[in-house]
Structure formats: C-alpha cells, structure tokens
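Numbering (the working numbering), first residue to last: 340 to 744.
By construction, the Cβ of each residue, glycine as well, lies at the ideal position given by its N, Cα and C atoms.
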C-alpha cells in the first residue's frame, strides 16, 4: 500500500514538474498558439514528464509552498513559493492543495482543466493504463472548479460505476450530478467508498460533461476516466508506516525533490538536485552554453539556445530581417518589423507623429502657418507674437479684451 501511494505521488509529481522546464523553453521559442506550447516530452511512463500536445499552458500546474499551509484558499507568501500561477477568470478544474498534501506531504495544486482547456494528459489514449493504483489511504478526491465571470457553463457527472462492488461501492459526489458551474472557486468531492473489511483492487469509472450556456460542448469533453482503487481493512491501514516530509520509500530513505530533477539530475537530499554536466539550477532546469545566447535568447540545454521570435542560429545571432529594424523596432518574421509608437515603415525608418508622417505634416504646416514658422519635429506652428492658434491666424488679447499690437 505504501508503494502504491508512493507511485501515485511520483506520477503526479512528474506531471507537475515538467511544466516548469517545458514552459520556460517553449515560451522562449515563441509559439503563437498556446495550444502547441509544450509538445516536447512524450509521456513514457508514470515516472516521466507528460506531454502538452495542444497548448503552452502546463499539463499539470503545481504551486509549491515550503512553509506552513494555512486554511484552504489562503494565498502563500512570496517567500514560500519558487514559482506560482495567477488564476484567471476562466474555466478551471484542479485537485486541491490539501488533497495532494495527503499524498505527498507537500501542499500544491494539480490542474485538470486550465483556462478553459482540457489538459492533454487526459486526452492521451494510454492515460488510464499509465495511472498507478489509488492507495488504500485515499478515500476520495477533493476538487475545486470555477466557471469564471465571462461565460456560463453547465456540467453533468455520470457513469459513476464501480466494476467490483464486492470490494468498493459506486463512487459518489457531494454535489448534484448536473447543474451550473459556480462563477467563483468552489470545491466538491468524489468519494471512493471501500467496503469495511474488503481487500483488493477495484476498478471504477467517472465521466464529466461540460457545455456552454448555448449547449456547445467544451473541446476535450466529455472526460472519461477509468481508475483503480486499492481497498484494505481498517486495521491494516492503521499499521501503515508514514514517512516524514521530504522522504519516501519503504524505509523512508528516498529523498523527494519538488519539482522533479530534470535532464537526468539526481535528488540527493530533499529539495536538492545534483545536475549532470551541461546543466545547472536548483532542479537542473537550465543549460550551460559555451557561447552566450544573443538577442534575448535563452540557454535551455547544453550549448542550445532557444531564440526569440525573428532570430535564429546556434546562438540566435541571425535575424530573419535582411534589413535590420531601426528606431527600436523588433524583427517579428521574414522582413517584418514591429515598430514602437511614433515610427512606421517596413523597417521602422519613418518617423510618425499622431499617425501621420512628419514629412506630410510639415508640408501641410508650411502651407498653412500664416504668422509663424513650422517646427520640424512636431510639425506644429510656432506663432509670432501676438498671434496664436493652430495656424497662427488669430491675434491674442489681454484680459480686458484689447488686441495686442
């Protein structure tokens, strides 16, 4: 049972840890579509990272806290987290922090749906077979979801079926099986009721349907999951050994690193990774490049740069713009410059002022400026005393209404 619990946590941990390394590399690559952001590491087994096939958002997101955990919903202090995610006003579904803490000893949130998208590991056809058995100590799962304020969603929980009713009864939920998603975060629980003295592994299934107010199905739904639950008599559970936080294994000698050590790193102590040659960082997430990456590129692996949009090459030394962008412009594709405010043209070489080029406005200014001269920078008239107005055609007056001579 302890081994089953360890395997379940390591499975969740590997999914969670892959998000930090993959998102940093993929974001630097500049993929436009967030559904394609983490297609880098296929899920090989329950101890490896998941692939994000459709979006740049991580397949599972975890918020690490190394300090004490407050009540549910309490925001962790900045010093207590190595990285975080600010939840947006959109469809979300995640496993509660306290629930994951029961499994691992560490509080974190693991996402199933994020920003309105079902995460790719759920859509993996081999997902069910790769999931470890839910340990006997876990009697259910606490979830939190929200529909956000911009859209209204409807849900339906059905197909809550146990394949082995002699070991475990059908799963139950503490909310209506169909209804409307709450706009603000709200929790619910799926209970997995083992029979009191039953022993063995029971299979069960859960299905979640999600639709918009207009009865439009959410992409990736319905979510059909088939899992396995281990059941054991109560007296056996009471004798199970629990390890202190930071350690796993039958003798509590296996160190735990969160996130998981990347790129072949070895966890030598709780939260401490020993990195292989060519990598560095607390979790071996960063590469070591002999030559520095240029133009904002980032070193993601040994001697490998991930270039920003518009640049390429081993060290991002080449620009896709044959003629360099000037005046602070940035190359965004083959000979395409993104110009800052006030500049235009194919290479940002044209100076603009309020939408029109200075050359055009200056010519208009010279033609219409009657009693003054034209400013070449702003293309505005500089009026001679006592004239005023846009084109210097009115004489100014004193407070008593007299015209200045």
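Counting the other CB atoms within 10 Å of its CB gives residue 669 a total of 16 or more, which places it among the buried residues. Per DSSP, reduced to three states, the secondary structure at residue 675 is strand. If you ignore the 5 residues before and after residue 707, its C-beta comes within less than 6 Å of the C-beta of 730, all in its own chain and listed in chain order. By alpha-carbon distance to residue 551, the top candidate from 608, 510, 522 is 522.
With contact defined as three or more Cβ pairs closer than 8 Å, the region 592 to 607 and the region 539 to 554 are not in contact.
For residue 655, the closest of 549, 611, 709, 639 by C-alpha to C-alpha distance is 639.
Residue 524 and residue 438 have their alpha carbons spaced roughly 16 Å apart. A distance below 7 Å separates the beta carbons of residue 480 and residue 529. Around the beta carbon of residue 724, fewer than 16 other beta carbons lie within 10 angstroms, which makes this residue exposed. Within its own chain, the residues whose Cβ lies closer than 7 Å to the Cβ of residue 526, once the five positions on either side in sequence are excluded, are 435, 481, 482, 483, listed in chain order. In the DSSP annotation of this structure, the continuous segment of the beta strand (DSSP E) that includes residue 525 starts and ends at 525 to 530. Collapsing the DSSP output to three states places residue 534 in coil.
Closest by C-alpha distance to residue 485, out of 456, 505, 473, is 456. Here residue 509 is not near residue 496, since their CB atoms are 7 Å or more apart. Taking C-beta separations shorter than 6 Å and ignoring five residues to either side along the sequence, the partners of residue 714 in its chain run 721, following chain order.
Beta-bridge annotation (DSSP): residue 501 is paired with 543. The Cβ neighbour count for residue 673, taken over all protein chains shown within 10 Å, is under 16; the residue is labelled exposed.
Cβ-Cβ distances below 7 Å link residue 607 to 594, 613 in the same chain, with the five nearest sequence neighbours on each side left out; the list follows chain order. Per DSSP, residue 458 lies in no beta strand (DSSP E) and is assigned neither H nor E. Selection 629, 431, 667, 512 evaluated against residue 489 yields 431 as nearest (Cα-Cα). A direct Cα-to-Cα measurement between residue 682 and residue 621 gives close to 43 Å. According to the DSSP secondary-structure assignment, residue 484 is paired through a beta bridge with 432, 525. Under the three-state reduction of DSSP output, residue 705 falls in the helix class. Note that the C-beta distance between residue 635 and residue 644 is not below 7 Å. Beta-bridge analysis with DSSP links residue 563 to 546. Buried is the label assigned to residue 459, since at least 16 other Cβ atoms lie within 10 Å of its Cβ. If you draw a straight line from the Cα of residue 553 to the Cα of residue 492, it is about 9 Å long. Per DSSP, residue 607 is one residue of the beta strand (DSSP E) stretching across 605 to 608.
Take residue 619, set aside five residues on each side of it, and the residues of its chain with a beta-carbon closer than 7 Å to its own are 625, 627, in chain order. Here DSSP, grouped into helix, strand and coil, assigns residue 451 to strand. Proximity to residue 464 across 663, 616, 563 peaks at 563, based on C-alpha coordinates. Counting only residues of its own chain and dropping the five nearest sequence neighbours on each side, residue 632 has a CB closer than 6 Å to the CB of 638, 644, 654, 655.
A residue is called buried once 16 or more other Cβ atoms fall within 10 Å of its Cβ, and residue 568 is buried on that count.
The alpha-carbon separation between residue 630 and residue 642 amounts to approximately 7 Å.
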